[in-house]
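At position 237 of the sequence shown the residue is numbered 1726 (our numbering), and the sequence of numbers has no breaks. Below: the structure, in structure tokens.
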Amino acid sequence: MLLLLRSAVDTVRQALVWRLTMQPTVLSAEAERALAAEPGRVFRECAVGCPAMVVLPAGTAVIGEAEHRRTLTFAVPFAVGRTEITHAEWNLCVRSGACAPLSDSGFGREQRPAINVSWNEAKLYVTWLAHVTGRPYRLLGESEWEYAARAGNPSKFSFGDDSRKLGDFAWFRANSPRGPQPVAGRKPNAFGLFDMHGNVWEFVEDCFHQRPMLALGTSGIQDGHCERRVVRGGSWDDDADFLRSAARTWYSPDNRYFILGFRVGRTLRQ
């Protein structure tokens, strides 16, 4: 417990130092409310290194599939990373001392998604980013992730049911050169988000349940099998079926693998 507390204090201290380097923008409450009222708006909150975020609208969506389908209402807008977190973005956290270096498994860095990252490390990154910016950055809840991935489409994929079109929107086994590809190399979905299908599996906040619980809210499901954390979206090394909007599996929170990454979410003040 003492080590965890010391680590958290160090993360905060390092983040405060890095505020000087990244030069975060301070939004007034009025400006943030205006931002939340502009679905589709792309914004960054730092002069250097913050991920591009997209404002998602409030709305109702059919989430899940087969007997687990549910209609959920997202009453307030929130923001989602336009792409998966890249090596370039991760490396700012490394340089600050808050995050550990990651292997690229020989696939390349910079604008490729950060891989070989565990759920625990993804949590460290969002904690660091929240302290650097002073804003509530976090991992997405599983239901938020699927709402973002579907972009209003209840079909198998965000563009419909025809998997022959998947290569226009995703890197996966049928079209990817070996390894993850630079982010935003395929078409975005209707919300303007790239690589929600494929490239790398994305960790979300939730603990795993065999039957998806799909809770509303930013904290996801925090009971059940918390030694397993949900990943969504499929990867460059998967067949089309694993890239469905509802597809899901799990990894242990300390697992690192070259098909695993994440993207960030952000709560918007109303």
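Quick reminder that beta carbons are idealized off the backbone N, C-alpha and C, glycines included. These figures come from a predicted structure and were not determined experimentally.
*With a 10 Å radius around its C-beta and 16 neighbouring C-beta atoms as the bar for buried, classify methionine 1490 as buried or exposed.*
Unreliable placement is indicated for methionine 1490, whose pLDDT of 48 sits below 50; the coordinate value is still reported in the next sentence. So methionine 1490 ends up on the exposed side.
*Have a look at aspartate 1728 and alanine 1659 and give me their C-alpha separation to the nearest angstrom.*
11 Å
*Residues in its own chain within less than 7 Å of serine 1607 by CB, not counting five upstream and five downstream?*
Pro1742, Asp1743, Asn1744 and Arg1745
*asked:* For arginine 1755 and glycine 1586, I'd like the C-alpha separation in whole angstroms.
replied: 23 Å
*asked:* Less than 8 Å between the C-beta atoms of glycine 1570 and valine 1689, yes or no?
replied: It is not a contact, given that the beta carbons lie outside the stated cut-off.
*Note down the Cα distance separating serine 1665 from histidine 1686, rounded to an integer number of angstroms.*
When the Cα atoms are used, serine 1665 and histidine 1686 turn out to be separated by approximately 13 Å.
*Going by beta carbon distance, what residues of the same chain come within less than 6 Å of alanine 1735, once the five residues before and after it are set aside?*
Gly1553 and Glu1554
*Look up threonine 1616 in the DSSP assignment and give the residues it is bridged to.*
Answer is none; threonine 1616 lacks a bridge partner.
*What residues match up with phenylalanine 1751 in a beta bridge as DSSP calls it?*
The beta-bridge partner set that DSSP reports for phenylalanine 1751 consists of Phe1692.
*Contact set for proline 1671: own chain, Cβ-Cβ below 6 Å, skip 5 residues either direction*: Gln1600 and Arg1601
*asked:* Just list the residues that DSSP pairs methionine 1542 with in beta bridges.
replied: Phe1532 and Gly1570
*With DSSP run on the structure shown, which of helix, strand or coil describes valine 1583?*
helix
*asked:* Among Leu1561, Ser1724 and Arg1718, whose alpha-carbon lies nearest the alpha-carbon of phenylalanine 1633?
replied: Here residue 1633 turns out to be glutamate, not phenylalanine, going by the sequence shown. Among Leu1561, Ser1724 and Arg1718, the Cα nearest to that of glutamate 1633 is on Leu1561.
_For leucine 1492 and aspartate 1657, what's the separation of their Cα atoms in angstroms?_
Low confidence applies to leucine 1492: its pLDDT is 48, below 50, so where it sits in the model is not reliable enough to give any reading.
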